[in-house]
Amino acid sequence: MAAWNIDVAASTSTIKATAAQVEGVQPSLEGMGKALEQAAAALPGEAGVVLAALNDVVALKLAPAATEVVSRSENVITSTAQALNFYQQGDLTMATAAQRSAGQVDQHPTTAPHGGPAKLVRD
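Residue numbering for the sequence shown follows the working numbering, beginning at 2 and increasing consecutively.
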């Protein structure tokens with residue numbers, strides 16, 4: 002059986018740091034989009050083919066890929082945080098259940114076969 006020993010505090014810290022990094026991607030993507038718009042605006046009027054290609058790169062490749070990266074990253078972070086929370090709650094639940102059941106162990110005194118003092122036997 003697998004044994005888990007997860008450092009919840011360190012894991013939470015890592016999740017928060019990763020979430021902050023993903024949040025930092027969005028402004029960069031917006032900045033990249035504005036830079037591409039400025040590049041397109043700087044093209045001379047006769048560069049329609051270049052402008053169309055640049056628009057296609059942004060609209061068909063960069064924007065969907067960037068959105069996908071951010072979305073998947075957010076999903077991974079959310080799912081990891083949720084799994085960590087379930088782990089932590091499960092650990093606490095198991096500890097509480099163990100404490101409760103430890104106080105409920107049925108113990109019956111019995112006489113030792115040699116007639117000596119009684120010993121406890123658990124059911």
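Every residue gets a Cβ at the ideal spot worked out from N, C-alpha and C, and that includes glycine.
Local conformation of residue i per DSSP, three classes
i	result
D92	helix
L44	coil
I7	coil
M2	Any reading at M2 needs caution, since the residue's pLDDT is 46, under 50, leaving its predicted position unreliable; the model's value is listed next. It is coil, neither helix nor strand.
Span of the alpha helix (DSSP H) around residue i
i	result
A53	G49 to D57
Expected contact under 8 angstroms - CB spacing of residue i and residue j to nearest Å
i	j	result
I78	V23	7 angstroms
I16	L93	With a Cβ gap of about 19 angstroms, I16 and L93 do not count as contacting.
A67	L55	Not a contact, Cβ separation roughly 16 angstroms.
Spatial neighbours of residue i in its chain, beta-carbon cut-off 7 angstroms, leaving aside the 5 residues before and after
i	result
E75	V23
V51	L44
V71	V23, V26 and Q27
L37	L55 and V59
V95	The residue asked about is misnamed: residue 95 is Met in this sequence, not Val. Counting only Cβ-Cβ distances below 7 angstroms, and skipping sequence neighbours, we find nothing.
Contacting residues, own chain, Cβ-Cβ under 6 angstroms from residue i (five flanking each side not counted)
i	result
L30	A67
M2	Low per-residue confidence applies at M2: pLDDT is 46, beneath 50, and the placement is therefore not dependable, though the value from the model is reported in the following sentence. Once the five neighbours on either side are set aside, M2 has no close Cβ partner at all.
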